[in-house]
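I have placed the structure first, in the form of structure tokens, so that the comments after it can refer back to it.
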Amino acid sequence: MMPRNRRTWLWVLLLILLAVLMASLVWLVGRYEQTRFEDQLELSANDLASDIRAKLARDAQRLQALVEREAPNWQRTARVLLQQQPEMLRIERRNLAFKIETLGNSAFLPRLSKEGIFEYFGRHNFATDVAHACALAARSLEPAYSNSYFVPQGNGTGFEVMDMCMPTVENNHLTGYLVATYSLDRMLKEWSESSIKRQEEVSLLEADGARLAMIGNSNRSGNKFAAQTVLNLPGMTIILRIERWRSAPYWLANTPTALALALVLALLAVLWLLYRDTRKRIRTEAKLAREIIQQRKAEEVSRQSLERLQKSARLATLGEMASMLSHELNQPLAAIASYATGSLNLLPSDASSQPSTQNLYELKIALERIASQSARAGQVIKSVHGFVRRRETERSFVEPAVLLDAVLPLIGLQAKQLGVRIDQQIEPHLPRVWCDATLVEQVIINLARNGMQAMDSSATPPPQRRLTLVAKSCPSEREGEPPLVEFQISDRGPGLTQDVSQRLFTPFFTTKDEGMGLGLSLCRTVIEQHASSLIYTTQTEPPRTGTTFSFKLMTDHEPHHDHTL
Ligand code: ADP
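When we follow numbering that gives the first Met the number 0, the leftmost residue of the sequence shown carries the number 0, and every step to the right adds one.
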């Protein structure tokens with residue numbers, strides 16, 4: 000598993016990366032939106048500018064018509080024109096000497112005197128601007144425009160106006176001029192009010208940025224976007240500017256940005272779920288690992304205690320063995336000693352004399368007996384050695400007869416001492432059993448020893464003291480499974496009383512002076528380790544058939560045929 004610290008860092012890194020990613024996404028979408036918005040604004044500025052140019056051109060045509068066709072009714076037609084076009088404040092007809100011949104003033108002005116807007120501040124004050132435009136018009140024979148100028152009205156207000164000068168031509172000769180004065184404010188109002196949107200401001204600016212006219216009543220809050228375009232007219236240059244205010248943050252304003260934002264939120268939610276899930280999984284894993292470790296520890300402890308028990312039981316057995324062994328070895332050793340003494344006696348005491356032929360023959364027999372007695376003693380010691388040797392638990396397939404043969408010398412020792420006869424009933428061709436041979440041998444020895452001790456301490460008369468060892472095949476309880484081999488160890492002792500039966504497998508329960516009370520509990524553990532169980536049947540009432548302990552072991556499936564037999 001990854002160390003906790005590193006995991007936390009990875010999560011933090013992931014979060015940071017995602018946050019950066021999301022922020023850039025929102026920023027990019029916002030930027031895109033902003034550009035789109037600005038482009039739109041620029042487009043409307045351009046539209047508006049060309050609209051204004053077109054309207055001015057149309058006015059010029061109308062004035063042209065006024066000169067050409069309506070000359071006799073000039074005054075009347077000019078009045079109608081001024082009424083139709085509120086942005087036009089005055090129309091003058093001037094001769095070549097630039098003197099005003101006739102004029103008409105807008106009907107929309109508050110004061111209707113002959114001078115119109117120039118009543119307070121005379122027309123001559125602005126002669127240069129008009130002259131400038133007309134000079135250009137005379138040169139090009141096209142309408143030309145003056146720079147804008149302010150005409151005060153004496154009450155602090157005034158009009159920002161510009162003049163359009165149109166040359167009148169007859170037979171290719173310049174005959175005079177028609178001058179129309181436009182109010183910039185009204186121009187905007189009449190021509191663009193219908194097309195501008197809420198929160199928009201349209202203004203006309205001088206090249207240096209000074210504002211000349213403006214319409215639109217926006218509440219100036221939120222972000223400001225602006226676009227401007229140059230309104231080029233012959234003789235004058237003016238800037239048209241549109242400003243739009245947006246109160247909502249631009250990145251919340253429409254679908255793409257809202258979508259990006261929703262995406263961010265969804266991603267964060269998924270991330271959170273993922274984080275929660277991972278944490279849960281890690282916790283479960285850690286818990287599981289802890290449980291497994293605890294279980295392993297418990298197993299280790301139980302294995303160790305089993306080994307300790309086995310060891311102490313083995314030592315207990317050993318104590319008894321030692322006494323039996325000394326008893327058993329006593330005989331051959333005594334025999335060897337007496338043969339040796341006898342042999343010495345047969346040899347002449349004097350080194351120079353020869354032993355007789357008869358003596359030599361007897362000496363040979365004595366030495367042969369010494370040899371055979373030593374071999375017997377060696378056999379006894381060897382059988383104990385095999386049992387005492389300690390080795391690691393290991394399982395293999397073993398023939399049942401081999402198991403019993405291995406324990407027989409040891410059991411035989413005690414049987415002889417207690418006057419017990421041993422019967423072996425081994426079914427032929429038994430399959431091999433899967434077991435730890437050393438442990439199972441020990442079980443058989445323990446059970447046999449218990450049986451023999453039971454017959455010794457009871458009133459079983461010596462001729463009836465019989466221990467039966469049985470190995471036979473028996474079918475498995477589960478259908479289709481291979482057969483098992485059952486081992487039985489039966490004695491003809493007094494059987495188990497109810498009290499003893501109840502505590503039979505309790506460790507340290509014993510009825511014997513020298514007993515440890517561990518044998519049976521150990522036997523049961525070993526048998527259970529072999530996926531089997533230790534069973535007993537007992538008979539306390541006469542006729543006494545004693546007690547039988549039995550267990551079954553698994554086989555290697557096929558019955559084993561020993562072809563060497
Ligand atoms: P130990 O042999 O050291 O006493 P065990 O656990 O082998 O310990 O046996 C426990 C007790 O069970 C014995 O003390 C004995 O009273 C009783 N017992 C065991 N096997 C037999 C048997 N075959 N017949 C009668 N009693 C038995």
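C-beta: ideal position from N, C-alpha, C; glycine also.
Supposed close pair residue i, residue j - CB separation, criterion 8 Å
i, j, result
"E91", "V178", "4 Å"
"Q227", "A44", "6 Å"
"M213", "S202", "4 Å"
"L345", "E327", "The pair is not a contact, with the Cβ atoms about 28 Å apart (cut-off 8 Å)."
"D490", "G516", "About 18 Å separates the two Cβ atoms, so there is no contact after all."
"P482", "P474", "5 Å"
"I410", "I444", "6 Å"
"T467", "D422", "4 Å"
"A56", "L65", "In fact, because the Cβ distance is near 15 Å, the residues do not count as touching under 8 Å."
"P166", "Y181", "That pair is no contact at about 18 Å."
"A259", "V25", "6 Å"
"M87", "S145", "Their Cβ separation, rounded to whole angstroms, is 14 Å, which puts M87 and S145 out of contact at 8 Å."
"V432", "C522", "Actually they are not in contact, since the Cβ atoms of V432 and C522 sit about 16 Å apart, beyond 8 Å."
"L495", "T437", "That pair is no contact at about 27 Å."
"L429", "S472", "6 Å"
"T101", "Q74", "6 Å"
"F125", "Y148", "6 Å"
"R245", "F224", "7 Å"
Residue i: CB within 6 Å of a non-hydrogen atom of the ligand ADP
i, result
"T509", "yes"
"T546", "yes"
"D490", "yes"
"N449", "yes"
"S453", "The sequence shown places Ala at residue 453, not Ser. Yes - the ligand ADP has a heavy atom lying nearer than 6 Å to the Cβ of A453."
"G377", "no"
"L495", "yes"
"V499", "yes"
"G411", "no"
"L519", "yes"
"G514", "yes"
Per DSSP, cross-strand counterpart(s) of residue i
i, result
"E91", "L102 and V178"
"W433", "F396"
"T547", "S489 and T536"
"C644", "A question about residue 644 goes unanswered here, because the residues of the chain that appear run from 0 up to 564."
"M553", "L483"
"S472", "V484"
Within-7 Å CB hit, residue i to chain C
i, result
"Q378", "Looking at the structure shown, chain C is missing, and only one protein chain is on hand."
- Unbroken stretches of the beta strand (DSSP E), 3 residues or longer, contained in the stretch 169-247: 172-182, 199-204, 210-214, 222-232 and 235-245
- 3-residue-minimum beta strand (DSSP E) runs that sit fully inside the stretch 133-171, ordered along the chain: 148-151 and 157-169
- Message: Please give me, in chain order, every unbroken run of the beta strand (DSSP E) with length at least 3 that falls completely inside the stretch 404-469.
- Response: 420-425 and 432-434
- Entirely within the stretch 27-98 and at least 3 residues each: give me those beta strand (DSSP E) ranges in chain order. 87-94
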